[in-house]
Ligand code: NAP
Ligand code: MG
């Protein structure tokens, strides 16, 4: 049996044959311009930057670097479209365009899945089964709301806000673009969106769909660039609403910049979710839930279950089974359908994760990693657990955004609850138990926007998502996600 260079054997017994997804069916330009006013246009200063494949460190394409002038052009195009065709269009017609985007995404889902995995390093199984279908589902869901907004908010007048500036991170590039664009358009706004520097490609491919779907020019504009491009959107005087998903650190900068302005904003920020396992839980399923919660997608998930709390009498069994399961995880080529853990998104993120691995050991915690080999090129991190940690350790308090799990124990429900809530974040959490009453007690008292019971990391466009405390401001998804893009007035 042979292996492709990146797909490595995971244990000494047997191994899967490589099953790489074909890339023949994708067409990817070598250079992408900015998408402004319905056209791809060169950046004003003519500067471009490279996006790479983090699994091979090879360059994939170069992408336009949008300056403040480019952002201004995009905002002007969005304003013109808002004042012109978009706000005059019947809501049902607007809905049809959004449905069209959803269908076209579905039709091109294989292509989008491959590009997502190439650009960001996530396993094809995840981009194929989660990111792309959920992105399409989001457009379908909000398309349905476009002509029913008055029923969503009975007794109130609803009006679009105007131009929405939207800034997204690299962990779910297309899905985050869908979370932002779909509700904005359904509510009658126009948008200027900036994808993350390291994963701009699926947003630019989405721009092609927007163009082919025949949306009026300027309704959707995509500008690529780094943090300064994002800041230029946030600080543009003619932006009515800012929607940001990213780190709490940048969220704070944005909140400060918006203080005292009339701009409406939503901030979806970091997390340090607790996954809480009671001794009466179905332990095998819970172990799968832990793995799914922190190791899949390399732990690059804002709501990753990065803190594990196990009831003391079950901790030996859970840790033993978790270590066994970690040994079977396949790390390697993101395009291989058998891969469980792909590449870390960038060299910078790998450095951050590795600094936390050293810090954890310095703090006196015991580190365990699965023994799998990792490919020579690219950015990789083995699934890692820390035991012997305490509440005050930085690896327990701070978001690592990698496949790194800190394990603690508790005796009573109250102890588990207070340890789980001892965090500046509050995005998500998980509870595993056989007893419904415990689930209700825990879900009511966990200070987190989303709590899963006997499952983890499940998403649906109809369900609102967002954080408590330092995890953010506002909700996206569901009915609540409409509120963020509308002016609501008493009739
Ligand atoms: P990040 O560094 O905050 O970047 C997010 C986006 O903001 C990127 O497009 C970034 O551009 C841009 N940006 C950077 N500095 C900016 C500034 N001063 N003004 C305006 N925009 C700026 O976050 P990240 O490292 O990409 O993503 C990981 C973080 O996102 C994690 O903390 C994670 O928890 C969070 N996240 C939260 C959710 C949620 O729903 N709550 C979902 C996913 C991720 P560049 O790409 O050029 O840096
Ligand atoms: Mg990339």
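In the working numbering, the protein residues as written are 937 to 1427. Ideal Cβ positions, reconstructed from N, Cα and C, are used throughout, including at glycine.
- In this structure, residue 1202 keeps its C-beta atom at 7 Å or more from the C-beta atom of residue 1384.
- C-alpha of residue 1374 to C-alpha of residue 1303: approximately 31 Å in a straight line.
- Nearest to residue 1286 by alpha-carbon distance, out of 1405, 1316, 1393, is 1316.
- Burial of residue 1181 is indicated by the presence of at least 16 other C-beta atoms within 10 angstroms of its C-beta.
- Residue 1329 has no beta-bridge partner at all, per DSSP.
- Looking at 1305, 1148, 1136, 964, the one whose alpha-carbon comes closest to that of residue 1104 is 1136.
- Between the alpha carbons of residue 1198 and residue 1129 lies a distance of about 20 Å.
- In this structure, the alpha-carbon of residue 1353 lies about 16 Å from that of residue 1404.
- Between residue 1268 and residue 1319, the C-beta gap is not smaller than 7 Å, which leaves the two residues out of contact.
- Less than 7 Å divides the Cβ of residue 1122 from the Cβ of residue 1081.
- For the options 957, 958, 1010, 993, the alpha carbon positioned closest to that of residue 969 is the one of 1010.
- DSSP, read as helix, strand or coil, puts residue 1062 in helix.
- For residue 1294, the CB stays at least 6 Å from every heavy atom of the ligand NAP.
- Excluding five sequence positions before and after residue 983, the CB atoms of its chain that fall closer than 7 Å to its own CB belong to 1001, given in chain order.
- Residue range 1349-1357 is occupied by the alpha helix (DSSP H) that includes residue 1357.
- In terms of side-chain proximity, the C-beta atom of residue 1055 is found nearer than 6 Å to a non-hydrogen atom of the ligand MG.
- At a Cβ-Cβ threshold of 7 Å, residue 1073 and residue 1397 count as neighbours.
- The Cβ atoms of residue 1170 and residue 1178 lie closer than 7 Å to each other.
- For residue 1021, the three-state secondary structure derived from DSSP is helix.
- The Cβ neighbour count for residue 959, taken over all protein chains shown within 10 Å, is under 16; the residue is labelled exposed.
- Distance from the CA of residue 1112 to the CA of residue 1394, rounded to the nearest whole angstrom, comes to 15 Å.
- Counting only runs of 4+ residues, the alpha helix (DSSP H) found wholly inside the stretch 1052-1124 occupies 1068-1081, 1085-1088, 1109-1122, in chain order.
- Residue burial is scored here from C-beta neighbours: residue 1058 has at least 16 other C-beta atoms within 10 angstroms and is therefore classed as buried.
- Relative to the Cα of residue 1361, the nearest Cα in the group 1344, 1381, 1406, 1102 belongs to 1406.
- Nearest neighbour of residue 1005 by Cα position, chosen from 972, 1263, 998, 1106, turns out to be 972.
- Residue 1214 sits close to residue 1369, with the two beta carbons spaced by under 7 Å.
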